[in-house]
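Comments concern the structure below.
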Amino acid sequence: MKLQFPATSRNRDPILAVLREVLAPPTARVLEVASGSGEHAAFFAAAMPWLTWQPTDVEAAHLVSIDAWAAEAELGPRLLPALAFNAATDPFLPGPWDGIFCANLVHISPWAVAEGLFRGAASALAPGGPLVTYGPYTIDGKHTSDSNVAFDESLKARDPRWGVRDVAALAAISPELELTQRIAMPANNFILVFRRV
Ligand SMILES: C[S@@+](CC[C@H](N)C(=O)[O-])C[C@H]1O[C@@H](n2cnc3c(N)ncnc32)[C@H](O)[C@@H]1O
Numbered sequence: 235m236k237l238q239f240p241a242t243s244r245n246r247d248p249i250l251a252v253l254r255e256v257l258a259p260p261t262a263r264v265l266e267v268a269s270g271s272g273e274h275a276a277f278f279a280a281a282m283p284w285l286t287w288q289p290t291d292v293e294a295a296h297l298v299s300i301d302a303w304a305a306e307a308e309l310g311p312r313l314l315p316a317l318a319f320n321a322a323t324d325p326f327l328p329g330p331w332d333g334i335f336c337a338n339l340v341h342i343s344p345w346a347v348a349e350g351l352f353r354g355a356a357s358a359l360a361p362g363g364p365l366v367t368y369g370p371y372t373i374d375g376k377h378t379s380d381s382n383v384a385f386d387e388s389l390k391a392r393d394p395r396w397g398v399r400d401v402a403a404l405a406a407i408s409p410e411l412e413l414t415q416r417i418a419m420p421a422n423n424f425i426l427v428f429r430r431v
């Protein structure tokens with residue numbers, strides 16, 4: 235069954251505007267971690283015809299939905315069948331990947347997931363390749379809006395291991411990933427671009 239998350243439909247256009255630059259040619263092979271419904275995968279792969287997009291997720295129902303979005307998009311082998319992947323516990327998907335994209339994962343999962351994502355990306359990205367993350371973050375330990383304070387509290391109430399992550403803490407996970415861009419996005423979110431050194 236094809237799922238549709240309202241936030242994903244809302245944020246896909248502003249994210250695409252950034253990805254067109256960050257994942258410009260000669261970027262070719264992109265891995266998406268935590269693809270969710272699959273709407274991002276279908277939308278981004280359709281809009282950037284130079285890319286081959288590999289979606290993944292940990293939830294079986296999401297894998298079905300991702301493939302349903304892909305079938306509708308009719309992009310053939312440029313949008314690959316979704317793979318089951320747990321960023322915290324699975325061996326990282328073998329690269330080299332020209333780019334890795336991950337939206338709205340690290341605040342809504344335990345810290346071990348962020349560690350798995352960043353360490354794995356450092357091992358599997360081609361040199362210079364970007365890890366692009368999207369979501370809410372704190373900067374120097376400070377929230378960027380009152381609404382993010384409330385959101386952080388609601389996340390921690392759902393699961394004490396969840397919470398809005400600090401940009402510096404993410405940047406400290408792997409010395410092989412250098413934070414090169416922090417782009418303010420609508421609704422108090424950011425895109426972070428880390429490059430494999
Ligand atoms: C808030 S949704 C974001 C989905 C999508 N990236 C988006 O922005 O629309 C979080 C996603 O992370 C996935 N997820 C949670 N824990 C994960 C893990 N350990 N490894 C990989 N994916 C995970 C969930 O199944 C879900 O699809």
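First residue of the sequence shown: 235, per this note's numbering; consecutive thereafter.
Ideal Cβ positions, reconstructed from N, Cα and C, are used throughout, including at glycine.
Note that this is a predicted model, so its numbers are computed, not measured.
Counting only residues of its own chain and dropping the five nearest sequence neighbours on each side, P330 has a CB closer than 6 Å to the CB of A360. One thing to note: P289 has its Cβ within 7 Å of the Cβ of A316. A Cβ-Cβ separation of about 6 Å places A307 in contact with L313 under the 8 Å criterion. Per DSSP, the continuous alpha helix (DSSP H) segment holding N382 begins and ends at 380-392. For the pair E410 and R353, the Cα-to-Cα distance works out to about 9 Å. In the three-state scheme derived from DSSP, where H, G and I count as helix and E and B as strand, L250 is classed as helix. The C-alpha of I407 lies about 6 Å from the C-alpha of E349. Counting only runs that start and end inside the segment 236-295, the beta strand (DSSP E) elements of at least 3 residues fall at 263-266, 286-288. Going by C-alpha positions, K390 is about 5 Å away from W396. Non-local beta-carbon contacts of L265 in its own chain, meaning distances under 8 Å to residues more than five positions away in sequence, involve Q288, T290, L327, G329, W331, G333, I334, F335, A358 in chain order.
For N338, same chain residues with a beta-carbon under 6 Å away, outside a window of 5 residues either side, are G369 in chain order.
For A418, no alpha helix (DSSP H) segment is defined; the enclosing uninterrupted segment is the beta strand (DSSP E) at 411-419. The three-state reading of DSSP puts P370 in coil, since its state is none of H, G, I, E or B. Excluding five sequence positions before and after S243, the CB atoms of its chain that fall closer than 8 Å to its own CB belong to E273, given in chain order. In this structure A318 does not touch T286 by the C-beta definition: roughly 19 Å separates them, more than the 8 Å allowed.
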